[in-house]
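What follows is a single structure, written as structure tokens, with notes after it.
Residue numbers (mature numbering (1 follows the signal peptide of the UniProt record, and there is no 0)): -20 to -1, 1 to 154.
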């Protein structure tokens, strides 16, 4: 009889632990979005390939944002980035956006691996190496105080796009 009771208790313990829901100490977890906290109202691309496709098909520049979740520099820049309504509005209207948790892919790190960094790509899939931050040793780095520079660089990314869209009248067929 005790053997049957022990077996029953063991089965009940196993079932209760199987159906138990884990709740972290900080409470219910918020589902992870593609924004990763960099602007929840923006439509973020899921993959680099999707971002390139959207950039080309919508004829909008692509902004690729590299960061790390646990980096204090990324967190500080994220706060400044989110607090600037002008950045958020311009990105929403005029850009395709993609954020990457730092990767070891050398093709996505033209001048080294550091965060946060932002690289602009035009719809022809050309990396805009002329649009840089203020540091000579980390060309694409941005800090919380660089919000104004980021806005200027976003305008540069848009201007060249508009310039490259000018079609000579002799090319237009009627």
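Quick reminder that beta carbons are idealized off the backbone N, C-alpha and C, glycines included.
Between the Cα of residue i and the Cα atoms of the options, which residue gives the shortest distance?
i	options	result
residue 29	53, 58 and 76	76
residue 80	-18, 26, 19 and 22	26
residue 112	43, 74, 78 and 61	43
residue 24	45, 36 and 37	45
residue 135	74, 97, 47 and 22	74
residue 60	82, 131, 90 and 117	131
residue 94	62, 118 and 129	118
Would you identify the three-state DSSP class for residue i, choosing helix, strand or coil?
i	result
residue 119	coil
residue 97	strand
residue 105	coil
residue 62	helix
residue 22	coil
residue 75	coil
residue 14	coil
Taking just the CA atoms, how far does residue j sit from residue i?
i	j	result
residue 56	residue 50	11 angstroms
residue 20	residue -18	56 angstroms
residue 31	residue 78	6 angstroms
residue 108	residue 13	27 angstroms
residue 133	residue 115	14 angstroms
residue 120	residue 34	22 angstroms
Label residue i either buried or exposed according to how many other C-beta atoms from any shown protein chain fall within 10 Å of its C-beta, with 16 as the threshold for buried.
i	result
residue 52	exposed
residue 54	buried
residue 58	buried
residue 38	exposed
residue 85	exposed
residue 41	buried
residue 96	buried
residue 65	exposed
At least 3 beta-carbon pairs within less than 8 angstroms: the segment 65 to 73 vs the segment 99 to 106:
no
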